Amino acid sequence: MARTVKAETKSVRDAKKFLADVPQECVFWSHDGRVLHNMQELADALTAMSDETFAYQCNLAKNDFGTWLRDIIGDKDLARNLEKTSSKTEAASAVSRRISTLRRRLI
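First residue of the sequence shown: 70, per the numbering used here; consecutive thereafter.
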């Protein structure tokens with residue numbers, strides 16, 4: 070029983086951390102000038118950004134969004150999923166689904 074409570078507590082802690090704003094020195098500066106402070110802002114930016122901006126940030130050589138999610142926000146699962154996407158629509162959908170999953174943990 071204690072193990073289950075501990076796992077649930079970590080799950081809630083992770084959800085809060087992943088959804089929170091990052092420190093100002095860790096914000097994501099998008100190629101189009103947007104400044105992203107959290108996962109929701111990333112989802113919104115992915116929906117609105119041009120294909121050119123997305124291609125600059127995510128291509129065969131790099132995935133800046135996945136790197137930020139993994140190294141700054143700490144969400145390794147979403148970072149891995151994002152690295153498999155090939156379009157901004159897929160990426161926005163993956164981020165939005167993850168946000169929904171994390172928010173359900175907080176209810």
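Every residue gets a Cβ at the ideal spot worked out from N, C-alpha and C, and that includes glycine. All values reported here derive from a predicted model rather than from experimental measurement.
With H, G and I counted as helix, E and B as strand and the rest as coil, what does DSSP make of V104?
Secondary structure at V104: strand, using DSSP grouped into helix, strand and coil.
With DSSP as the reference, label N150 as helix, strand or coil.
DSSP places N150 in helix when its eight states are reduced to three.
Between the alpha carbons of M70 and S80, how many angstroms are there, rounded?
The predicted position of M70 is uncertain, since its pLDDT is 47 and thus under 50; a value taken from the coordinates is nonetheless stated next. Looking at the two C-alpha atoms, the distance is approximately 15 Å.
Which word fits I168, buried or exposed, when buried means at least 16 other C-beta atoms lie within 10 angstroms of its C-beta?
Burial is judged here by how many other beta carbons sit within 10 angstroms of a residue's own beta carbon; I168 has at least 16 and is buried.
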